[in-house]
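Below is one structure; the comments refer to it alone.
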Amino acid sequence: MEKKLILYYSYTNNTKKVAEQIQKATGSDICEIETVKPYTGDYNSVVDQGKQEVHRGYKPAIKPLSVDLENYNTIILGTPVWWYTYAPAVATFLSEYDLSGKTIIPFVTNGGWIGHTIKDIEKGCKNAIVTNAIDIKFDTDKMVMPESNLEKWIACL
Ligand SMILES: Cc1cc2nc3c(=O)[nH]c(=O)nc-3n(C[C@H](O)[C@H](O)[C@H](O)COP(=O)(O)O)c2cc1C
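Read left to right, the sequence shown gives residues 1 to 157 (UniProt numbering).
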């Protein structure tokens with residue numbers, strides 16, 4: 001069977017935890033998108049910095065991925081919501097990598113204000129099929145969405 005790739009960015013580890021749960025359940029390969037320069041400072045200053053970056057369309061440098069995307073037809077793509085859209089590191093990824101012909105299944109962690117994140121992912125994944133997106137709400141580091149909803153979604157991957 002074709003191996004899928006779980007590819008995610010995470011700043012406070014919510015998206016990372018979900019990514020690892022999907023990996024355990026499906027046996028898919030997993031890869032993290034990491035910025036070259038880590039975000040530093042307290043949470044609120046990163047929230048402010050994130051606002052500036054999203055509004056300017058800033059794309060922080062990211063480290064080269066540890067996998068070759070050519071080996072995967074399906075990518076399960078995880079991002080936190082930053083200011084109603086995907087995180088800047090994911091913007092960098094989408095601008096640097098070609099997803100043509102692939103199927104992209106997004107999972108989007110957030111605090112309850114997802115905004116236009118999924119529409120933006122659909123637009124950003126050029127020439128790819130974006131399907132079966134899930135929006136996973138957290139209260140700080142605690143998942144609010146019932147665990148059974150996430151399990152059902154994972155079972156369909
Ligand atoms: C810079 C920044 C901006 C955020 N903007 C939003 C937002 O617009 N809507 C929302 O629901 N949550 C927002 N959040 C909360 C995160 O989306 C949420 O905590 C997410 O689960 C964090 O994922 P992570 O732990 O993988 O980084 C924001 C968090 C940060 C750091």
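All C-beta atoms, glycine included, are put in the ideal place defined by N, C-alpha and C.
Any heavy atom of ligand 1 inside 8 Å of the beta-carbon of residue 46? Because some heavy atom of ligand 1 lies under 8 Å away, the Cβ of residue 46 counts as near it: yes.
Segments of 4+ residues assigned as alpha helix (DSSP H) that fall wholly inside the segment 17 to 73: Counting only runs of 4 or more, we get 43 to 56.
Look up residue 153 in the DSSP assignment and say whether it is helix, strand or coil. The answer is helix: DSSP assigns residue 153 an H, G or I state.
Roughly how far, in whole angstroms, is the beta-carbon of residue 81 from the beta-carbon of residue 117, given that I think they are within contact range, below 8 Å? With 8 Å as the limit, residue 81 and residue 117 qualify as a contact, their Cβ atoms being about 5 Å apart.
Grab me the residues of residue 157's own chain with a C-beta within less than 6 Å of its C-beta, minus the 5 sequence neighbours each way, in chain order. So the list reads 26, once near-sequence residues are dropped.
When the Cα of residue 62 is compared with those of 105, 145, 38, which residue comes out closest? Cα-wise, what sits closest to residue 62 is 38.
Under 9 Å, Cβ to Cβ, is there at least one residue of chain C near residue 12? The structure shown contains no chain C; it is built from a single protein chain.
Host alpha helix (DSSP H) of residue 123 (start-end): That run of the alpha helix (DSSP H) goes 117 to 124.
Residue 66: buried (16+ other C-beta within 10 angstroms of its C-beta) or exposed? It counts as exposed.
Taking just the CA atoms, how far does residue 104 sit from residue 47? So the two alpha carbons sit approximately 27 Å from each other.
Say yes only if the C-beta of residue 91 is nearer than 8 Å to one or more non-hydrogen atoms of ligand 1, and no if none qualify. Answer for residue 91: no, Cβ out of range of ligand 1.
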